[in-house]
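Under this note's numbering, think of the first position of the sequence shown as 5, with each following residue one higher. All residues carry an ideal CB built from backbone N, CA and C; glycine is no exception. Written below as structure tokens is the structure these notes are about.
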Amino acid sequence: MLQCEQGPCLDCYRDGEPVSVADLHAEEAKWPQFVPTAVDAGFRSVHALPMHLQGVRLGALGLFGTEIGALNGADLELGQALADVASIALIANQTSVNHLRLTQQLQTALDSRVVLEQAKGQLAQVGNVTMAHAFEALRRYARDHNERLSVVAQNVVTRELTGELVLEHAKRKGVSVA
Numbered sequence: 005m006l007q008c009e010q011g012p013c014l015d016c017y018r019d020g021e022p023v024s025v026a027d028l029h030a031e032e033a034k035w036p037q038f039v040p041t042a043v044d045a046g047f048r049s050v051h052a053l054p055m056h057l058q059g060v061r062l063g064a065l066g067l068f069g070t071e072i073g074a075l076n077g078a079d080l081e082l083g084q085a086l087a088d089v090a091s092i093a094l095i096a097n098q099t100s101v102n103h104l105r106l107t108q109q110l111q112t113a114l115d116s117r118v119v120l121e122q123a124k125g126q127l128a129q130v131g132n133v134t135m136a137h138a139f140e141a142l143r144r145y146a147r148d149h150n151e152r153l154s155v156v157a158q159n160v161v162t163r164e165l166t167g168e169l170v171l172e173h174a175k176r177k178g179v180s181v182a
């Protein structure tokens, strides 16, 4: 029912407070798009409970009823407990997603570093140069050919690009590779 951009759940989310509507028809003036849509879907009451954790608003849990009526105190407490559990689950899921993303980024960086070290080693051996000079040659080639350093290193390792060519390019550009 978010398509209406109004209603008890959005009010609950905005204000951070529960919103109970025992009879939707009584609130049609307040939410002229939401109420007819909810009633057409078979709902007669809505109770929206805030989802928050450590002071951060995460959303609202909507409890939609097919009959007119308010929730009693025990039902509201149970509903809020459910909203709290859902909030914790959302945060736990986001933490897990963030952890996975960080792990993938670190693995990619490590893989790129390994390939770069392999390429430097190949250039050092082919040209009888230091690892530092090999790195400078790779960097210059990448810059002059508008390529990422990791791509150039990968191409050297897979022999799509020869070490001799990279070193010769660096020499022509004035990079010290002695």
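Tell me whether Lys177 is buried or exposed, calling it buried when 16 or more other Cβ atoms sit within 10 Å of its Cβ. With fewer than 16 other Cβ atoms within 10 Å, it is exposed.
Rounded to the nearest angstrom, how far is the Cβ of Leu62 from that of Leu94, given a contact under 8 Å? Right, the Cβ-Cβ distance comes to about 6 Å (below 8 Å), so this counts as a contact.
Would you call the segment 48-59 and the segment 72-91 touching, i.e. three or more CB-CB distances under 8 Å? The count of Cβ pairs closer than 8 Å, one atom from the segment 48-59 and one from the segment 72-91, reaches three, so the stretches are in contact.
Burial state of Ser49, where buried means 16 or more other Cβ atoms lie within 10 Å: Around the beta carbon of Ser49, 16 or more other beta carbons lie within 10 angstroms, which makes this residue buried.
Nearest neighbour of Gln126, chosen from Leu142, Leu114, Ser116, Thr112 [CA to CA]: Nearest to Gln126 by C-alpha distance, out of Leu142, Leu114, Ser116, Thr112, is Leu142.
Leaving out five residues before and five after Val119 in sequence, what residues of the same chain have Cβ atoms less than 8 Å from its Cβ? Within the same chain, Val119 has close Cβ partners Ser154, Ala157, Gln158, Val161.
Out of Leu67, Leu80, Gly11, Ala96, which has the shortest C-alpha to C-alpha gap to Lys34? Looking from the CA of Lys34, the closest CA among Leu67, Leu80, Gly11, Ala96 belongs to Gly11.
Could you tell me the distance, in whole angstroms, from the CA atom of Ala123 to the CA atom of Gly131? Across the structure, Ala123 and Gly131 are spaced so that their CA atoms are roughly 12 Å apart.
Let me make sure I understand the geometry here. Which of Arg152, Val179, Gly77, His149 has the alpha-carbon closest to that of Thr134? Of the candidates Arg152, Val179, Gly77, His149, the one whose C-alpha sits nearest the C-alpha of Thr134 is Val179.
When the Cα of Glu16 is compared with those of Gly66, Glu71, Leu104, which residue comes out closest? Looking at the sequence shown, residue 16 is not Glu but Cys. Among Gly66, Glu71, Leu104, the Cα nearest to that of Cys16 belongs to Gly66.
What is the DSSP secondary structure of Pro40, counted as helix, strand or coil? Here Pro40 sits in helix by DSSP.
Mind checking who Ala64 pairs with in its DSSP beta bridge? For Ala64, which the question treats as bridged, DSSP gives the partners Pro54.
Starting from the C-beta of Tyr145, find all residues in its chain whose C-beta is less than 7 Å away, skip the five residues before and the five after it, and write them out in chain order. Excluding positions up to five away in sequence, the list reads Val156, Val170, His173, Ala174.
Close Cβ partners of Ala128 (< 8 Å) along its chain, the five nearest in sequence each way excluded: Answer for Ala128: Thr134, Met135, His137, Ala138, listed in chain order.
Assigned secondary structure, Met5 (DSSP; H/G/I helix, E/B strand, else coil): Because the pLDDT of Met5 is 49, which lies under 50, any placement of that residue in the model is unreliable, and the number read from its coordinates should be weighed accordingly. Of the three classes helix, strand and coil, the one that applies to Met5 here is coil, per DSSP.
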